[in-house]
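Residue numbers (my numbering): 310 to 1239.
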């Protein structure tokens, strides 16, 4: 296993274990006492050995494999001493026959000579031909003892013939036996198995084994997430994890019959440098896996958010240059995962090349020569782009960019050998190449290609070229943003965004973003938009605001790539403002005229509006699965159309009074089946704000809903809108203070999220509230049963039969991984964002019932909510309320504003008291009444 014996004796001393077992045997009064004593001795050795291994590991992440080997040695020692004790003292065989022989072998992961603390112990009890009573007793005794130690033991008891037959039939068994390692017992028996396995199973079957293992890997990647840049990666099964390294070695062992990873250099698979990369990756991944098991006390393989911070601390990472310790740890993880991908690509290239050399054929050679084409200096063999010789890139470094351009423009794959040469030539991507006009032109064409820009850029990133050609991109390669909102690393997010932009332009999934596709065909500069998408998050992980820093990068990079001053300024503006449209759409009342006016004054031109809209759609969609939904799409489209009308002079042509009159006239036409007096009475019930902020369809629904409500104390209408991923809830009842807080409480009790709300009070004192709600997975509440439950809960809350604070507290607390985050609670009070309302924005850690807690606090402060806009970004909630005081004015009094801020901070900061109103002083009461 590559470790010195004295070092391993500190983990487990066989002589010491044997002495203690002998002492137990000498003092045990009966069989039960003997068994308990044996288990006690072995458990102590296991506990102490693991603790020593852990102490060594936490001295540095470079000790990962050493830790795994030490744990394996510890397990070997326990099995050896247990077997010796069982065969010498419990079931001795003074004159054993040829059948009374056993070889104990480690198989699977244990067979590789490495173990994590929570790993399964996979054992093969190998027999000469069939089981005997003696062998059965020994195996049973050992297994029960190992189970009593709390170990997860996977075992099989087989003859050599069984092993050969089953491994021919099953690739899983074949792989397990491929890694079989002798632990103890009859060595000749094990040697016989190895010899027959090589001759009768492995010989002549390399191709089918390689195909099976690579197919198995692809399925595993699909199951655990296609990207190796998921922010909660699986260290064992994920792309770029330990299993990928295992797969490489399995194949190497099968094809080249190597015994250890260092042999990969001897057989020409890796250079010495690449072998060192393999060892470094293996060391790091084992350190992560072992610490993960130690930390959780179980076989946990996924590095979830709630574990990452503590993992970083234990493995010795510290904050540096604007990156938190946890972000530095995870960046290291993703860089290692990328190295594993590089090694896999190199390995597959060597396999293919060596397979070709094994089968020379003059006929095939002549056929290949006839098929060989040359494109701009590159050769094309069997549909793949290659290079003529190893000095190809050295002679002209521009070829390091050109090879990707040619592959993209001709729809060709790049030969693995050529990619391997690209990776080994990265030092040529220097300042001189970055200044080269032709190289920059080619890169811009790749970036804004109408074919497959994401695939090509991803290949450039995997090969290491992209980060060296655009150094600012290199800074965010493998950069994780420590939050629950972003699903991928920063570089992966940008590449996915480019891919989605390309899909939008081509009209794929047009029903999901129809307006974005339409606008793409109307843009004056595609290049500017593609560049803005590529750069919008390129400055993540810096001390300064990433939007400002990104704009500065754009002003330098765009001219280098050949873009003119106008395009450069457009890109810089888009990068600087790439979050604005999303924030306004989701966190402001679009029906408030001031919202659209302020946004239009920032955007200024219809062309910028088009580009910003498309960039916003693409950015949200690229964050991760489930982040984009129909509701966000609807909000963005509404903001786009309102702003477009204003930029084209539509708003100024139609004043507020005119819009109200036009809305009433349109509704009256829809209510032609009502009497004239009934229509007039109804039109007088609503204030101007209602007519401006709702459309005619909604107004007609409300009119007929209210008419049908008659004398009901509470009327409720629920209408799922699957295309917008929300359910619209309309409530009509006698108005009274705190009504919205109760509605929010009822939703929280059932685990439903409010994403938006509009609250109107009619002139005759009735409340007409509209809530748009979603299930926790971000979809509409569709099931009739759930809608009925929600209506029933609202009625119970209003009647006082259910108290939301108690009911919310009894629900399951937020998911455990959210505990890893802290979000500084912030309250912003803005009297300039609306002409009629004070806008209060509240930022804090999301939790069940937060909207209820905040709206309840506003009620106790004597404030009336006009509309509420609820947004979550992973663990962070941003809730915005448009409020007035009891007499319909903005909150301008300085003392009142301080009281609002204090009470909302308390509602945010104290989850255990979230359902109770803050304790009020007489001063607060006086302020609330002011």
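Here a beta-carbon is modelled for each residue, glycine too, at the ideal position from N, C-alpha and C.
Nothing here was measured: the structure is a model prediction, and the numbers come from that model.
What are the start and end residues of the beta strand (DSSP E) that includes residue i?
| i | result |
| --- | --- |
| residue 1029 | 1023-1030 |
| residue 1185 | 1185-1193 |
| residue 1078 | 1075-1083 |
| residue 1152 | 1147-1154 |
| residue 1178 | 1173-1182 |
| residue 1135 | 1135-1139 |
| residue 690 | 687-690 |
| residue 427 | Taken as a continuous stretch (DSSP letters only), residue 427 belongs to no beta strand (DSSP E), as it is neither H nor E. |
State the start and end residues of the unbroken alpha helix (DSSP H) segment that holds residue i.
| i | result |
| --- | --- |
| residue 1065 | Premise fails: residue 1065 lies in the beta strand (DSSP E), 1062-1070, not in any alpha helix (DSSP H). |
| residue 592 | 581-605 |
| residue 811 | 799-815 |
| residue 922 | 915-932 |
| residue 1169 | 1159-1169 |
| residue 991 | 985-992 |
| residue 464 | Where residue 464 is concerned, there is no enclosing alpha helix (DSSP H), although the beta strand (DSSP E) it sits in stretches over 462-468. |
| residue 394 | 373-394 |
Within 10 Å of its beta-carbon, does residue i have 16 or more other beta-carbons around it, so buried, or fewer, so exposed?
| i | result |
| --- | --- |
| residue 734 | buried |
| residue 516 | exposed |
| residue 875 | exposed |
| residue 1083 | buried |
| residue 1175 | buried |
| residue 1012 | buried |
| residue 628 | exposed |
| residue 1165 | buried |
| residue 438 | exposed |
| residue 938 | buried |
Assuming contact is defined by CB atoms lying nearer than 7 angstroms, are residue i and residue j in contact in what I supplied?
| i | j | result |
| --- | --- | --- |
| residue 589 | residue 560 | no |
| residue 363 | residue 372 | no |
| residue 1173 | residue 1193 | yes |
| residue 333 | residue 454 | no |
| residue 250 | residue 738 | Since the first residue of the chain shown is 310 and the last is 1239, residue 250 is not available in this structure. |
| residue 880 | residue 840 | yes |
| residue 789 | residue 636 | yes |
| residue 410 | residue 495 | yes |
| residue 412 | residue 487 | no |
For residue i and residue j, what's the separation of their Cα atoms in angstroms?
| i | j | result |
| --- | --- | --- |
| residue 1198 | residue 640 | 51 angstroms |
| residue 896 | residue 1144 | 16 angstroms |
| residue 1212 | residue 1152 | 14 angstroms |
| residue 871 | residue 750 | 7 angstroms |
| residue 319 | residue 382 | 11 angstroms |
| residue 422 | residue 503 | 17 angstroms |
| residue 1057 | residue 1092 | 17 angstroms |
| residue 350 | residue 368 | 28 angstroms |
| residue 815 | residue 1158 | 42 angstroms |
| residue 866 | residue 741 | 15 angstroms |
| residue 626 | residue 620 | 9 angstroms |
| residue 390 | residue 322 | 11 angstroms |
| residue 599 | residue 361 | 13 angstroms |
| residue 1201 | residue 1141 | 11 angstroms |
| residue 1179 | residue 1000 | 23 angstroms |
| residue 711 | residue 432 | 53 angstroms |
Determine the DSSP secondary structure at residue i, reduced to helix, strand or coil.
| i | result |
| --- | --- |
| residue 1012 | helix |
| residue 957 | coil |
| residue 411 | coil |
| residue 1241 | Any question about residue 1241 goes unanswered here, given that the chain covers just 310 to 1239. |
| residue 1039 | strand |
| residue 569 | coil |
| residue 1196 | coil |
| residue 630 | coil |
| residue 346 | helix |
| residue 722 | strand |
| residue 534 | Here residue 534 scores only 48 on pLDDT, less than 50, and its place in the model should not be relied on; the value that follows carries that caveat. Of the three classes helix, strand and coil, the one that applies to residue 534 here is coil, per DSSP. |
| residue 493 | strand |
| residue 707 | coil |
Can you find a heavy atom of the ligand FMN that lies under 6 angstroms from the Cβ of residue i?
| i | result |
| --- | --- |
| residue 710 | The model on display carries no ligand, and the ligand FMN is accordingly not part of it. |
Is the shortest distance between the beta-carbon of residue i and the beta-carbons of chain B less than 7 angstroms?
| i | result |
| --- | --- |
| residue 744 | Absent from the structure is chain B; it holds one protein chain and no more. |
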